[in-house]
Amino acid sequence: MTRNDYFFKILFAIEIALLPMVIFSYILLPSWTVGLFIAGVLVAKIWLELFKEKERFSHAVIMAIGNILTISTLTILFTVYQYINIVLCVFVMIFVVLMNLLKIAMFHIHLVDTIYAVDYCYMLFECLALVAMIFIVVNTLATNIALIAILMTAVVSVVYKVYYAIRYMGVLSGIKELFRKRK
């Protein structure tokens, strides 16, 4: 295990460990403490990006798990406390999970640069959403805008990857072949 890998896994553990602390602080501590723990999650996420080795599949899986857990935990928490609309929460959850699953499924496939650019935009919007969630108790507009941006980039990423899979990877011909074998 390399030094970067070691730090990467420790930062992932810190990021995931801070998520229950956000819930705890919202329930039992003053409202301003929620922002401190979310800021900790944001710092851990930024450091994760620095220690991530792009060619390692295990890092891609860990990052996908972290993305899904972070966005889902915080979005569901603030939806329960009625800071975020439930419809927006549901769509964000669906497309964030789909986007991260497709990212893992297509890890070893070289994709078009546009798909990578959309994924980087998603990462930046995720950081923007975490910054906005720091101040959600004061103003919900920034968080809702950031979640809409996350939703839009996740939808574009999912559509692009599905189109790429159908068009260039022969998924459609593989499905046709399955039906021909049945007959």
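Offset between the sequence shown (1-based) and the working numbering: plus 46.
Using N, Cα and C, we set each Cβ at its ideal position, and we do this for glycine too.
If you're wondering where the values come from, they're calculated on a predicted model, not measured in any experiment.
By the neighbour-count criterion, in which a residue is buried when 16 or more other Cβ atoms sit within 10 angstroms of its Cβ, Ala63 is exposed.
Here Asp159 is not near Lys149, since their CB atoms are 8 Å or more apart. The beta carbon of Ala110 lies closer than 7 Å to those of Asn146, Lys149, Ile150 in the same chain, with the five residues before and after it left out. Going by DSSP, Asn190 is part of the alpha helix (DSSP H) stretching over 187 to 214.
Comparing alpha carbon positions, the residue from Cys173, Leu96, Ile117, Ala192 closest to Pro66 is Ile117. A straight line joining the alpha-carbon of Phe97 with that of Ile56 spans about 11 Å. If the five residues before and after Val204 are omitted, its C-beta is found closer than 8 Å to the C-beta atoms of Phe141, Leu144, Met145, Leu148, all from its own chain and listed in chain order. Taking all protein chains in view, the Cβ of Val184 is surrounded by fewer than 16 other Cβ atoms within 10 Å, so the residue is classified as exposed.
The three-state secondary structure of Tyr166, taken from DSSP, is helix.
Glu101 carries a coil assignment under DSSP once its states are collapsed to helix, strand and coil.
Contact between Leu176 and Val87 holds, with the beta-carbon distance rounding to 6 Å and staying under 8 Å. The Cβ-Cβ distance between Ala178 and Ala192 falls below 8 Å. With a cutoff of 8 Å on beta-carbon distance, Phe153 and Ala106 are scored as near each other. Sequence-distant partners of Lys207 (beyond 5 residues in either direction) whose C-beta falls short of 7 Å from its own C-beta, in its chain, are Leu148, Met152, Ile161. With contacts defined by Cβ atoms closer than 8 Å, Leu123 and Val68 form a contacting pair. Thr119 sits away from Met139, with the two beta carbons spaced by 8 Å or more. When the Cα atoms are used, Gly112 and Arg226 turn out to be separated by approximately 41 Å. Excluding the 5 residues flanking it on each side, Leu94 has same chain C-beta neighbours closer than 6 Å at Leu57, in chain order.
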